[in-house]
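*Asks:* I'd like to ask you about the structure that follows.
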Amino acid sequence: MPSFADLKAKAAKTTSSGVDKMQGIKDRNTSVALKNTNWDPYSGKPPPPPPPSRVIAQNTHPEPTFLPPPRRAGSSASSSTATASFGHRPATALPPPALPSRKPSTGPPTLPKRSEQSNISVPLRAGGPAIPRSSVGAPGPPPPVAKSTKPVLSRQDSFYVEEDPVPTIDWTRLSQNDKDAFFGWLDEFFSKHLGKPVGPKSNSQQTQPMGNIRGAPPQRGTTKPTSWTSPVVGNATIDFADLSHPPAAIHDSSAADLAEFYKSTTKWNDLWYHQSGIPPSLKGNKHIRYLTSWQSRGTTKVTRIGVLFSDLSVFWGAVTYDMDDPGNERHIKREAQYLSRPSALDREELVQANETYGDTIASFAESFLGTDKYCGRGECWDLASEGLKHLDNYDYVPKPVPSISRTHGHLIYEGRASRKGKEILGRWRGGDDRVRRGDIVEWRRVRIATVGAPPGSYSTLGDPDHTAVIVCDTIPLTKVSNGSNIPPSELGTLTVVEQSVGQPPARREYNLRGLEEGEMWIYRPIALQAYLGIKELGPTPPDNLSSLRTFSG
1 MPSFADLKAK AAKTTSSGVD KMQGIKDRNT SVALKNTNWD PYSGKPPPPP
51 PPSRVIAQNT HPEPTFLPPP RRAGSSASSS TATASFGHRP ATALPPPALP
101 SRKPSTGPPT LPKRSEQSNI SVPLRAGGPA IPRSSVGAPG PPPPVAKSTK
151 PVLSRQDSFY VEEDPVPTID WTRLSQNDKD AFFGWLDEFF SKHLGKPVGP
201 KSNSQQTQPM GNIRGAPPQR GTTKPTSWTS PVVGNATIDF ADLSHPPAAI
251 HDSSAADLAE FYKSTTKWND LWYHQSGIPP SLKGNKHIRY LTSWQSRGTT
301 KVTRIGVLFS DLSVFWGAVT YDMDDPGNER HIKREAQYLS RPSALDREEL
351 VQANETYGDT IASFAESFLG TDKYCGRGEC WDLASEGLKH LDNYDYVPKP
401 VPSISRTHGH LIYEGRASRK GKEILGRWRG GDDRVRRGDI VEWRRVRIAT
451 VGAPPGSYST LGDPDHTAVI VCDTIPLTKV SNGSNIPPSE LGTLTVVEQS
501 VGQPPARREY NLRGLEEGEM WIYRPIALQA YLGIKELGPT PPDNLSSLRT
551 FSG
């Protein structure tokens, strides 16, 4: 009879054997819950394959999903890697592949013949050129295509264009009309590239000798106009009201337009004076600066506003009403006062303004050169606006006219060009005889040639607007006076400091003879007191303004 110890040992052995069997069954048979799969048992499709055995998964390692880095020994232009079958290496090290010839060729590189014993399949890159394999040593796997090992192909050899056959012309059967048209084309062609009119010998216009001509370059869309000659523009054809800045006014100024809105005969459709205090026409208007205020006593309230427009007209308005019944027109009192556009100043006043502000504004702009720092937000407009604000640091200097939209002071010149420079016009304003250092220029959708750049190079100024600070005096090529017509090409070259988002302040020159398209304005920074008669803008007009127009209703 077995002892108690034997029975205990046998029971332990049986238990251990059962556990091992269950563990083996569990390891060899795995399953995934149906809710964790995307298989639909009612779709009729076979179930997905079972996952691999846990024992196998635990004892194996996944192959790397990347190629080993290329070797850097030897030539930096060559590399050696394993084949596309991961983990396989050639038995012996292979020499680096031979580099293709760097000599210029007239055709694509010739591929070497394949070895008959080579049975290695080389995958080709779609759209890429074939890479020659090294012919030294035993055939091995090809190196991966790298940019540094690509053969340099000339652009002529990279594609083939089948051109249509050129029709032949029977020159002996041309009619006189065909001959006239042909020679007309020749005259037009040489006129464009020589910059002077070319016509038949019977033409009375004199032409300069051509000299040694090597042939005209191919015509491009960005070439200069056929001639820089200023067109003849009569006074009757000049209409500066067509310029896009400042915005056109119905009456003599923008301030006069707003004054009409305050007349008792104008019906107001809402209670704007009781809500925001800003007239509807000013909401969203980017061509103004304004200040508002209000005062109340009991149920009576007065709202006031002062507005400075970009045409430098000034408006002050007030509305008095009953807050308990703001829509009752019998209890509403309207008041309006305004200054129209200021007149042009004489030379002495404009020169004095330049002596006060010009050099400080120009030096402010130049202080950013070479620093890789932007002025303000980096916008071109900030260079002028911040320069005018910089004058606030000097309490002994009268407050200048601030930047209002594209206006920066006293307008001294406005002009425009169109039709690639064939139509240009301009007008001088004020008694000064030149553009001075510290003046501010505004461009709008301008295309202009750049001084010192290769022929055919242009600058596009304004998207739609661009601002720059002039840092050198410029004397017009012709004598100017207030109101005289002078095209931009007669102003000469403007030297400016400018910036834009992504381009720090830089010094550039623009030859206005190259102005082909767009509009331009030049402003002279000047004091508010000297030009408009006010020290600063407020919601109420200053006392003793002689030119102030007033009415109430």
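Position 83, counted from 1, in the sequence shown is what UniProt numbering calls 83; the numbers after and before it change by one each time, with no gaps.
All residues carry an ideal CB built from backbone N, CA and C; glycine is no exception.
Quick caveat: nothing in here was measured; it's all calculated off a predicted structure.
Considering only DSSP beta bridges, list what W316 is partnered with.
*Replies:* DSSP output for W316 lists G306, Q337 as bridge partner(s).
*Asks:* Quick one: grab the DSSP three-state call for T356.
*Replies:* Note: T356 maps to helix in three-state DSSP.
*Asks:* Just to confirm before moving on: does the CB-CB distance between D463 and R406 stay below 8 Å?
*Replies:* For D463 and R406, no; Cβs fall outside 8 Å.
*Asks:* Verify whether the separation of the beta carbon atoms of G438 and G518 is less than 8 Å.
*Replies:* Not in contact: G438 and G518 (Cβ atoms no closer than 8 Å).
*Asks:* Buried or exposed, going by whether 16 or more other CB atoms sit within 10 Å of the CB of I526?
*Replies:* It counts as buried.
*Asks:* Alpha carbon to alpha carbon, how far is E349 from G430?
*Replies:* Their Cα atoms are separated by approximately 10 Å.
*Asks:* Consult DSSP for P504 and reduce its assignment to one of helix, strand or coil.
*Replies:* Three-state DSSP puts P504 in a strand.
*Asks:* Do you know offhand how far L282's Cα is from S367's?
*Replies:* In a straight line, the C-alpha of L282 is about 36 Å away from that of S367.
*Asks:* First and last residue of the beta strand (DSSP E) that includes Y458?
*Replies:* Looking at the DSSP string, the run of the beta strand (DSSP E) that includes Y458 is 458–470.
*Asks:* For K301, which beta-bridge partners are listed by DSSP?
*Replies:* According to DSSP, K301 bridges with S296, Y321.
*Asks:* Between which two residues does the beta strand (DSSP E) holding F261 run?
*Replies:* Segment 254–261 is the alpha helix (DSSP H) holding F261; no beta strand (DSSP E) there.
*Asks:* So is Q499 buried or exposed if we call it buried at 16+ other beta carbons inside 10 Å?
*Replies:* So Q499 ends up on the buried side.
*Asks:* Contact defined as beta carbons within less than 8 Å: I believe R434 pairs with P476. What is the distance between those atoms, to the nearest angstrom?
*Replies:* Confirmed, Cβ separation roughly 7 Å.
*Asks:* Could you pull the start and end residues of the alpha helix (DSSP H) that H274 belongs to?
*Replies:* That run of the alpha helix (DSSP H) goes 272–275.
*Asks:* DSSP state of A126, grouped into three classes?
*Replies:* With a pLDDT of only 44 at A126, under the threshold of 50, the placement of this residue in the model should not be trusted; the figure read from the coordinates follows. Coil at A126, not helix or strand.
*Asks:* For the 8 Å Cβ check, are there 3 or more pairs between the segment 285–301 and the segment 529–547?
*Replies:* Yes, the segment 285–301 is in contact with the segment 529–547.
*Asks:* Leaving out five residues before and five after Q337 in sequence, what residues of the same chain have Cβ atoms less than 6 Å from its Cβ?
*Replies:* Excluding sequence neighbours, Q337 sits near W316, P541, L548, T550.
*Asks:* Using alpha carbons as the reference points, say which of P246, S313, R289, G298 lies closest to A259.
*Replies:* Selected option, being the one with the closest Cα: S313.
*Asks:* Quick one: what does DSSP say L385 is sitting in, helix, strand or coil?
*Replies:* It should be pointed out that residue 385 corresponds to Ser in this sequence rather than to Leu. Residue state, collapsed to three classes: helix.
*Asks:* A530 lies in the alpha helix (DSSP H); which residues open and close that run?
*Replies:* Here the alpha helix (DSSP H) through A530 covers 528–532.
*Asks:* For N485, list the residues DSSP reports as bridge partners.
*Replies:* R427.
*Asks:* What is the DSSP secondary structure of F183, reduced to helix, strand or coil?
*Replies:* Here F183 sits in helix by DSSP.
*Asks:* Report yes if the CB atom of L388 is closer than 8 Å to the CB atom of L532, and no otherwise.
*Replies:* Not closer than 8 Å, so no.
*Asks:* Return the Cβ separation of E287 and I440 in integer angstroms, given the expectation that the two are a contact with Cβ distance under 8 Å.
*Replies:* Correcting the residue identity first, residue 287 is His in this sequence and not Glu. Not really, about 16 Å apart at Cβ, beyond 8 Å.
*Asks:* With a CB to CB cut of under 6 Å and the five nearest residues on each side skipped, what residues in its chain are close to D346?
*Replies:* G431, listed in sequence order.
*Asks:* Write down the C-beta distance between T303 and Y262 rounded to the nearest angstrom, noting that I regard them as a contact closer than 8 Å.
*Replies:* Not quite, the Cβ-Cβ distance comes to about 12 Å (not below 8 Å), so this is no contact.
*Asks:* Going straight from the alpha carbon of D311 to that of D473, what length do you get?
*Replies:* If you take the alpha carbons of D311 and D473, they lie about 25 Å apart.
*Asks:* Should F309 go down as buried or exposed, given a rule of 16 or more other Cβ atoms within 10 Å for buried?
*Replies:* That one is buried.
*Asks:* Skipping 5 residues on each side, what residues in its chain have a beta carbon closer than 6 Å to that of A138?
*Replies:* The predicted position of A138 is uncertain, since its pLDDT is 42 and thus under 50; no value can be drawn from it.
*Asks:* Within this structure, are the beta carbons of E509 and G421 separated by less than 8 Å?
*Replies:* It is not a contact, given that the beta carbons lie outside the stated cut-off.
*Asks:* Please report how far the alpha carbon of residue 591 lies from the alpha carbon of I522, in whole angstroms.
*Replies:* Nothing about residue 591 can be reported from this structure: the residues present for the chain run from 1 to 553 only.
*Asks:* Any beta carbon from chain B within less than 8 Å of A506's own beta carbon?
*Replies:* Looking for chain B here will not work: only one protein chain is present.
*Asks:* By a C-beta neighbour count over all protein chains shown, 10 Å radius and 16 as the cutoff for buried, is E414 buried or exposed?
*Replies:* It is buried - the Cβ of E414 has at least 16 other Cβ atoms within 10 Å.
*Asks:* Note down, in chain order, each residue of its chain lying with its Cβ closer than 6 Å to the Cβ of P398, except the 5 sequence neighbours on either side.
*Replies:* Taken in chain order, the residues that qualify are A527, Q529.
*Asks:* What three-state label does DSSP hand N212 in the structure shown?
*Replies:* With a pLDDT of only 32 at N212, under 50, the local geometry of the prediction cannot be trusted, and the value read off the model is given with reservation. Of the three classes helix, strand and coil, the one that applies to N212 here is coil, per DSSP.
*Asks:* Give me the Cα-Cα distance between L411 and P504, rounded to the nearest whole angstrom.
*Replies:* Each residue's Cα considered, the two are about 27 Å apart.
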